[in-house]
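Chemist: I'd like to ask you about the structure that follows.
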Amino acid sequence: MTEPIVQLKNLSKTIKNKKIIDNVNLDLYPGTITGFLGPNGAGKTTTIRMIVGLMKPTSGDIIINGHDLNRQYEEAISQVGVIVENPEMYKFLSGYKNLEHFARMHKNITKERIDEVIQQMGLENRIHEKVSTYSLGMRQRLGLAQALLHRPNFLILDEPTNGLDPAGIHEFRNYLRFIAEQEGVAILVSSHLLAEMELMCDRIAVIQAGKIIDIRELQQQETATHYVLEAVDADTALHDLQIEFTKVNDQYILAITKQEVPTLIANLVAKGIAIYSISMQHTTLEDEFLALTGGGAIV
Amino acid sequence: MFNLMRNEWMKIWRKKSTWIMTCILILSIVAVAALSRGLNNMPASQPDANGVTVTTTEKDTGDWRERVQEDLVALKANLNEEPHNKEIQDSIMVAQYRLDHDVAPPTTTMTTESFLDTNASMTMMILLFTAIVAGGIVSSEFTQGTIKMLLTRPVSRAKILLAKLSITFLYSIFLSVISFVTVVICAYAFFSSSDGAMLAVVDDEVVKTNPWTTALLNTAYAYISVIMSTLLAFLLGSVFRSSALAIGITMFITFIGTTIMLFISKYSFAKFIWLAHLDVRNPLVDTSTTFSVMILLITGAIFIAISFFDFIKRDVTA
Ligand SMILES: Nc1ncnc2c1ncn2[C@@H]1O[C@H](COP(=O)(O)OP(=O)(O)O)[C@@H](O)[C@H]1O
Ligand SMILES: [Mg+2]
Chain Z
1 MTEPIVQLKN LSKTIKNKKI IDNVNLDLYP GTITGFLGPN GAGKTTTIRM IVGLMKPTSG
61 DIIINGHDLN RQYEEAISQV GVIVENPEMY KFLSGYKNLE HFARMHKNIT KERIDEVIQQ
121 MGLENRIHEK VSTYSLGMRQ RLGLAQALLH RPNFLILDEP TNGLDPAGIH EFRNYLRFIA
181 EQEGVAILVS SHLLAEMELM CDRIAVIQAG KIIDIRELQQ QETATHYVLE AVDADTALHD
241 LQIEFTKVND QYILAITKQE VPTLIANLVA KGIAIYSISM QHTTLEDEFL ALTGGGAIV
Chain S
1 MFNLMRNEWM KIWRKKSTWI MTCILILSIV AVAALSRGLN NMPASQPDAN GVTVTTTEKD
61 TGDWRERVQE DLVALKANLN EEPHNKEIQD SIMVAQYRLD HDVAPPTTTM TTESFLDTNA
121 SMTMMILLFT AIVAGGIVSS EFTQGTIKML LTRPVSRAKI LLAKLSITFL YSIFLSVISF
181 VTVVICAYAF FSSSDGAMLA VVDDEVVKTN PWTTALLNTA YAYISVIMST LLAFLLGSVF
241 RSSALAIGIT MFITFIGTTI MLFISKYSFA KFIWLAHLDV RNPLVDTSTT FSVMILLITG
301 AIFIAISFFD FIKRDVTA
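Residue numbers (the UniProt record's numbering), protein chains in the order written: chain Z, 1 to 299; chain S, 1 to 318.
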């Protein structure tokens, strides 16, 4: 992989004699979406607060774009966009005034850039209304808009899908993918939801009780998904359709893409095969995750 | 820095309370003017410009020379009881000067000139309103949760706090200007000018005083309290992160301060407390003006230093 944009080195945080973050090491790369996965209270928010300088690490270093956050704060943070927990905006100001307010704290953000971000986030219609009238979803979009204003090359989002509806989450995922791939932004997204992370991320760092217990790459979901078909005597039919499969008990594990699923069902039905169920297989990672984090803790 | 200040200025003016406070200040001055105007038409007993209570039953009619002569006799009688009272001595000098040089005293009713001095008493209200802004300008960012949006920008925490402190003072200067302008307008709108002249004793010489200079000077001295209370409210607001607590404690200390000082003035440490020196021309403890100014400066610097130290060092978990 290329050079990391962000490096966390032996990061630890102790509050009141309690080690909340314990020796965290993590590199983040341009164009890569890294999931930061862990149950509630694992230390995701605390780590993020340290990365953006809201909290000081007890020990360890944070290097962003080659600058040590502790010694060259302004340089290090200048290319970082962040939402920590819920984006809290000035409720008595309009969305536009909020963006103007934050834009003034950066160098060289033009009116055109503000308008561009507003448009990208689909906020045009209500941008001049007070934030107090916004729904949670709109506040999330506004939050994302303020994080992107200065074209950061490192974006941190802490549980960003809270309050978004399924369509919103889908759109959000595509947008993250877009800025990662098109603009080479390094993205760190925290979540306690494994399924969400799998859909969104290229790699996942799992944190549990303040320690990083696993960092792994995810294969591209859209191309290499397996489907589990529950049907009776489908062997011949699948052979005829030239689909590879492995049979486990009464289940057929198929290497097909999402787009092929409807055709397959239609063909099998045409051949008179009784289909009881067909589902996407992503049990392995979840099982491992549950095992790693001791189960139960995942909501 | 200019951009940061612009942001803070915008935020305080987007809050209703800021407008309400400004309006209350203006309305209070107008109300005081209207009431004084009403009192002018009634027989009243009020101290004249030289601190002598003169009872006017008939409205400044008759010859002023007779009245001054009467005062002079009364003052001399007082002086026999308290031979070393500087105030009485000065009043005698002034009264004698009036008779010798034929300088009429200002009328005892409110005039354009005397109303100008109302401005100094308005600083108490400016103090309250500035303390409200000072106590809230940092703590509100914490209670709103916006502090994390503010502190994750390429701007040092020190600059952000400095912008907030500057804007707090700019707001109090703004209120002072509003207050003075309103007072001047009311002074001319509600009252007529006095024929008499105000006199004062400076270095054993009787001199005419300019009502404008006197009003502004009194305001400037009263403003010292505004500065100290603002710094205190700002400190408490940023340390406790609660504006109610900051404003409450500041107001308590400001209004009870004099009483507290009177209780503890017998202890030697009392002279090191800034509350004793808020009126530098007449401190509550026996010291020199230089010492008073020193204590005020040092206390102010300590308040600022603690605010900045705390704001820069503390972890933000809001
Ligand atoms: N200011 C604090 N003081 C004491 N404990 C804290 C503080 N902030 C967080 N914690 C503790 O640190 C742990 C991690 O919290 P957090 O980072 O918010 O977890 P996550 O974001 O993964 O849910 C929790 O157990 C929490 O109770
Ligand atoms: Mg969290």
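Virtual Cβ for every residue (Gly too), placed ideally from N, Cα, C. These numbers were taken from a predicted model, which means no experiment stands behind them.
Kindly indicate if chain S contains any beta-carbon less than 8 Å away from that of LYS44 (chain Z).
Modeler: Not an interface residue.
Chemist: According to a CB-to-CB cut-off of less than 8 Å, which residues of the stretch 45-58 of chain Z neighbour chain S?
Modeler: If the cut-off is 8 Å between Cβ atoms, the stretch 45-58 of chain Z has ARG49, VAL52, GLY53, LEU54, MET55, LYS56 near chain S.
Chemist: Counting by C-beta, which residues lie closer than 5 Å to a heavy atom of ligand 1, in chain order?
Modeler: Qualifying residues, in the order they occur: Z:ILE15, Z:ILE20, Z:ASN40, Z:GLY41, Z:ALA42, Z:GLY43, Z:LYS44, Z:THR45, Z:THR46, S:THR317.
Chemist: I think LEU136 (chain Z) touches LEU123 (chain Z), with their Cβ atoms under 8 Å apart; what is that distance to the nearest whole Å?
Modeler: Between LEU123 (chain Z) and LEU136 (chain Z) the Cβ distance is about 14 Å, and since that is not below 8 Å, they are no contact.
Chemist: Quick check on LYS148 (chain S): does DSSP put it in helix, strand or coil?
Modeler: In the structure shown, LYS148 (chain S) sits in a helix (DSSP, three-state: H, G or I).
Chemist: Listing by chain order, which chain Z residues have their CB less than 9 Å from the CB of ASP310 (chain S)?
Modeler: Within chain Z, no residue comes near ASP310 (chain S); the closest Cβ sits about 14 Å away, beyond 9 Å.
Chemist: Using the Cα positions of LEU75 (chain S) and ALA120 (chain S), report the straight-line distance between them to the nearest angstrom.
Modeler: For LEU75 (chain S) and ALA120 (chain S), the distance between alpha carbons rounds to 28 Å.
Chemist: Using beta-carbon positions only, say whether ILE187 (chain Z) and LEU148 (chain Z) come within less than 8 Å of one another.
Modeler: Not a contact, by the Cβ cut-off of 8 Å.
Chemist: Would you kindly report the start and end of the unbroken alpha helix (DSSP H) that includes THR182 (chain S)?
Modeler: That run of the alpha helix (DSSP H) goes 157-190.
Chemist: Does the beta carbon of THR290 (chain S) come closer than 8 Å to any beta carbon on chain Z?
Modeler: No, no contact with chain Z.
Chemist: Specify the secondary structure class of VAL228 (chain Z) as computed by DSSP and reduced to three states.
Modeler: Residue state, collapsed to three classes: strand.
Chemist: Apply the 10 Å Cβ neighbour rule to PHE178 (chain Z) and answer buried if 16 or more other Cβ atoms are within range, or exposed otherwise.
Modeler: Exposed, since its Cβ has fewer than 16 Cβ neighbours within 10 Å.
Chemist: Residues in the same chain with beta-carbon distance under 7 Å from GLU3 (chain Z), minus the five sequence neighbours each way, listed in chain order, please.
Modeler: So the list is empty, once near-sequence residues are dropped.
Chemist: Could you tell me the distance, in whole angstroms, from the CA atom of ALA167 (chain Z) to the CA atom of ARG173 (chain Z)?
Modeler: Computed Cα separation, rounded: 10 Å.
Chemist: Quick one, are the C-beta atoms of GLU100 (chain Z) and GLN144 (chain S) less than 8 Å apart?
Modeler: In this structure, GLN144 (chain S) does not lie closer than 8 Å to GLU100 (chain Z) by Cβ.
Chemist: Where GLN140 (chain Z) and ALA266 (chain Z) are concerned, what is the direct C-alpha to C-alpha distance, given to the nearest angstrom?
Modeler: Approximately 40 Å, taken between the alpha carbons.
Chemist: In angstroms, rounded to a whole number, what distance separates the CA positions of SER307 (chain S) and TRP19 (chain S)?
Modeler: Using only the alpha carbons, I get a separation of about 27 Å.
Chemist: Can you give me the start and stop residues for the alpha helix (DSSP H) that ASP71 (chain S) sits inside?
Modeler: It spans 64-81 - the alpha helix (DSSP H) in which ASP71 (chain S) sits, taken as one unbroken run.
Chemist: From which residue to which residue does the alpha helix (DSSP H) around TYR252 (chain Z) run?
Modeler: Per DSSP, TYR252 (chain Z) belongs to no alpha helix (DSSP H); it is in the beta strand (DSSP E), 251-254.
Chemist: To the nearest whole angstrom, what separates the beta carbons of THR112 (chain S) and TYR188 (chain S), a pair I think is in contact under 8 Å?
Modeler: Correct: roughly 6 Å between the Cβ atoms.
Chemist: I believe SER193 (chain S) touches THR230 (chain S) by the beta-carbon criterion, under 8 Å. Please report the beta-carbon distance rounded to the nearest angstrom.
Modeler: With a Cβ gap of about 35 Å, SER193 (chain S) and THR230 (chain S) do not count as contacting.
Chemist: DSSP three-state label for ARG281 (chain S), please.
Modeler: Coil, per DSSP.
Chemist: Quick one: Cα of ASN162 (chain Z) to Cα of ASP250 (chain Z), how far?
Modeler: In a straight line, the C-alpha of ASN162 (chain Z) is about 38 Å away from that of ASP250 (chain Z).
Chemist: Since ARG203 (chain Z) sits in a beta bridge, which residues does DSSP pair it with?
Modeler: DSSP output for ARG203 (chain Z) lists Z:THR34, Z:GLU217 as bridge partner(s).
Chemist: VAL248 (chain Z) by DSSP, collapsed to three states: which one?
Modeler: The answer is strand: DSSP assigns VAL248 (chain Z) an E or B state.
Chemist: Assuming contact is defined by CB atoms lying nearer than 8 Å, are VAL32 (chain S) and THR118 (chain S) in contact in what I supplied?
Modeler: Yes.
Chemist: In its own chain, which residues sit with a C-beta less than 6 Å from the C-beta of PHE92 (chain Z), not counting the 5 before and 5 after it?
Modeler: Around PHE92 (chain Z): no qualifying Cβ.
Chemist: Are the CB atoms of LEU8 (chain Z) and ASN25 (chain Z) within a distance shorter than 8 Å?
Modeler: A contact, by the Cβ cut-off of 8 Å.
Chemist: What residue range does the alpha helix (DSSP H) around LYS313 (chain S) cover?
Modeler: Its alpha helix (DSSP H) spans residues 289-313.
Chemist: Expressed to the nearest angstrom, what Euclidean distance is found between the alpha-carbon atoms of SER118 (chain Z) and ASN70 (chain Z)?
Modeler: Just to set this straight, residue 118 (chain Z) is Ile in the shown sequence, not Ser. Distance between the alpha carbons of ILE118 (chain Z) and ASN70 (chain Z): 32 Å.
Chemist: Would you verify that the beta carbon of VAL177 (chain S) is, or is not, closer than 8 Å to some beta carbon of chain Z?
Modeler: No, VAL177 (chain S) lies away from the interface with chain Z (no Cβ there is under 8 Å from its Cβ).
Chemist: Assuming GLU159 (chain Z) and SER190 (chain Z) make a contact with CB atoms under 8 Å, what is their CB distance in whole Å?
Modeler: Their Cβ separation, rounded to whole angstroms, is 6 Å, which keeps GLU159 (chain Z) and SER190 (chain Z) in contact under 8 Å.
Chemist: Once DSSP output is grouped into helix, strand and coil, what is the label at GLU222 (chain Z)?
Modeler: With a pLDDT of 43 at GLU222 (chain Z), under the threshold of 50, the modelled position of this residue cannot be trusted; read the value that follows with caution. Here GLU222 (chain Z) sits in coil by DSSP.
Chemist: Can you tell me the Cα-Cα spacing of SER45 (chain S) and PHE174 (chain S), whole angstroms?
Modeler: The pLDDT assigned to SER45 (chain S) is 49, lower than 50, so where the model puts this residue is not dependable, and the model offers no usable value.
Chemist: My output table needs one value for ALA44 (chain S): the three-state DSSP class, helix, strand or coil.
Modeler: Caution is warranted here: a pLDDT of 47 is assigned to ALA44 (chain S), below 50, making its placement in the model unreliable, and no coordinate value can be reported.
Chemist: Tell me where the beta strand (DSSP E) around LYS9 (chain Z) begins and ends.
Modeler: Looking at the DSSP string, the run of the beta strand (DSSP E) that includes LYS9 (chain Z) is 6-15.
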